Amino acid sequence: MTRLKQNDVIMIPTALEEYNAELVRITGCSLREIAAHAAGKGASEASTLKPRVAVIPMTCGQGIIEGFVESVASIICFLGFDAVITKSRDAGGLAEAVQNGSEILFMADDDRFVAINLRTGKVSDNGDATGKGYVSGLFHMCDGLESKNVLVFGAGPVGSSAALALKRFGAEVSIYDIDLSASRLLSKKLMNQGYAIKVETDLNEALGSHNILVDACPSADFIMPQHISEDTMIAAPGIPLGVQAAGLAKLSNQLLHDPLQIGVATMIFDVLECSP
Ligand code: PYL
């Protein structure tokens with residue numbers, strides 16, 4: 014998993030309105046609608062439930078990413094929830110959150126970024142939420158995914174979650190990972206759940222035979238202009254972006270990419286308790 018940098022997140026809190034307008038332009042849906050759809054919840058859940066949310070800075074490992082907790086809290090508030098950043102960090106932040114009556118906690122170390130509902134025990138992992146959140150966006154970009162051929166790059170947590178979500182929408186899924194054993198392991202895991210996917214072994218051949226792509230890998234600049242046509246649709250949770258700069262010029266309303274928003278939005282809807 015690529016570690017975010019301050020530059021990736023520092024502008025998020027001040028640009029959420031524009032971001033959301035762009036999302037509507039690309040997918041026809043708002044951030045709230047995409048996240049709720051991904052989590053299998055009604056988009057209106059946000060208006061009926063008001064759980065107190067705490068975002069806790071974590072200093073472990075490589076430490077704080079300037080702007081990270083501020084971005085997480087701003088995304089959650091943008092969706093209509095009450096999110097506060099704890100004054101204390103780590104264990105102190107956890108204690109502060111519980112003492113101030115927070116029901117949902119968000120925190121990230123270098124390995125995992127999770128949302129926890131203290132009342133229900135529900136946990137949402139950012140990798141899983143990001144994968145299904147981006148597939149929800151792609152579903153709206155493509156007017157459905159039934160029987161459509163989709164190529165997923167990266168068999169890590171995000172790509173695995175995306176592959177499962179794609180199968181659940183009835184797509185024909187192929188997986189390409191630079192580590193063939195990772196692709197094969199994912200194929201086996203999904204087969205055990207009753208879903209067959211195709212393992213691709215040749216990157217250029219796979220790119221040449223697919224128009225709908227999920228870039229869930231940490232490689233940059235591997236999707237080149239010659240791989241992009243007017244039918245191409247790309248959902249790109251991967252950081253850095255896999256599309257070459259020259260290829261971006263060929264994409265309009267065909268690329269879904271952000272460093273944090275869709276993942277965080279899907280996490281809150283994932284752990285939200287359904288209204289009675
Ligand atoms: C959650 C992001 C998505 C991509 N990479 C993941 C990442 O950068 N993880 C590290 C997050 C560290 C946060 C730090 C803080 O500021 O609380 N512990």
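Here the sequence shown is numbered in my numbering, starting from 14 and rising by one per residue.
Yeah, the Cβ is synthetic: ideal placement off N, Cα and C, and Gly gets one too.
Bear in mind that the values here come from a model prediction, so they are computed numbers and not experimental data.
Per-residue DSSP class, three states only, for Ala209: On the sequence shown, residue 209 is found 196 positions in, with the first residue counted as 1. DSSP places Ala209 in coil when its eight states are reduced to three.
Can you tell me which residues form a DSSP beta bridge with Ala219? If you number the sequence shown from 1, residue 219 lands on position 206. DSSP output for Ala219 lists no bridge partner at all.
Exposure label - Arg125; buried when at least 16 CB within 10 Å: Numbered from 1 along the sequence shown, position 112 holds the residue referred to as residue 125. Arg125 should be labelled exposed.
When you measure from the CB of Asn20 to every non-hydrogen atom of ligand 1, does any distance come out below 7 Å? As a first step, residue 20 is located in the sequence shown; it is residue number 7 there, counting from the start. Result no, Cβ not under 7 Å from ligand 1.
Taking one C-beta from the region 182–194 and one from the region 66–73 each time, how about it: are there three or more such pairs within less than 8 Å? no
Classification of Arg181 by the beta-carbon crowding that lies within 10 angstroms, buried from 16 upward: Residue numbering aside, residue 181 sits at position 168 when the sequence shown is read from its first letter. Exposed.
Is it true that the region 204–214 meets the region 141–159, where meeting means three or more beta-carbon pairs spaced less than 8 Å apart? no
Give the DSSP bridge partners of Val162, in chain order. Working through the sequence shown from its first residue, we reach residue 162 at position 149. Here the sequence assigns Asn to residue 162, which means Val is not the residue at that position. Its beta-bridge partners are Glu185.
Got a sec? Which residues, its chain only, sit under 7 Å from Met120 by beta carbon, not counting five neighbours each side? By 1-based counting over the sequence shown, the position of residue 120 is 107. Counting only Cβ-Cβ distances below 7 Å, and skipping sequence neighbours, we find Ile69, Met71 and Val127.
Can you check DSSP and say which residues form a bridge with Ile241? As a position in the sequence shown, residue 241 is number 228, starting the count at 1. According to DSSP, Ile241 bridges with nothing at all.
Below 8 Å on the Cβ atoms is my guess for Gly172 versus Val227; work out the distance and round it to an integer in Å. Within the sequence shown, residue 172 is the residue found at index 159, counting from 1. Within the sequence shown, residue 227 is the residue found at index 214, counting from 1. Yes, Gly172 and Val227 are in contact; Cβ-Cβ is about 7 Å, under 8 Å.
I'd like to confirm something about Thr15: is its beta-carbon nearer than 7 Å to some heavy atom of ligand 1, or not? Translated into the one-based positions of the sequence shown, residue 15 becomes position 2. For Thr15, the CB falls within less than 7 Å of some heavy atom of ligand 1.
Might you give, ordered along the chain, the residues of its own chain that have their beta carbon closer than 7 Å to the beta carbon of Gly41, omitting 5 neighbours on each side? Working through the sequence shown from its first residue, we reach residue 41 at position 28. Contacts found: His153.
I'd like to know whether the C-beta atoms of Ala34 and Thr279 end up nearer to each other than 8 Å. Stepping through the sequence shown from its first residue, residue 34 is reached at position 21. Stepping through the sequence shown from its first residue, residue 279 is reached at position 266. Taking 8 Å as the Cβ cut-off, Ala34 and Thr279 do not qualify as a contacting pair.
Who are the Cβ neighbours of Ile236 in its own chain at under 8 Å, not counting the five residues just before and after it? Numbered from 1 along the sequence shown, position 223 holds the residue referred to as residue 236. So the qualifying residues of the chain are Leu220, Leu226, Asp228, Ile247, Gly255, Val256, Gln257 and Gly260.
Please name the residue in Thr27, Ala110 and Ser137 whose C-alpha comes closest to that of Cys90. The residue given as residue 90 occupies position 77 in the sequence shown. Among Thr27, Ala110 and Ser137, the Cα nearest to that of Cys90 is on Thr27.
Which stretch, first to last residue, makes up the alpha helix (DSSP H) that contains Asn113? Taking the sequence shown and counting its residues from 1, one reaches residue 113 at position 100. It is not in any alpha helix (DSSP H) - Asn113 carries neither H nor E in the DSSP assignment.
Starting from Asn224, trace the alpha helix (DSSP H) in both directions and tell me its first and last residue. Working through the sequence shown from its first residue, we reach residue 224 at position 211. Where Asn224 is concerned, there is no enclosing alpha helix (DSSP H), because DSSP gives it neither an H nor an E.
Give the DSSP-derived three-state secondary structure of Phe126 in the structure shown. By one-based count along the sequence shown, residue 126 stands at place 113. In this structure, Phe126 counts as strand in the three-state DSSP scheme.
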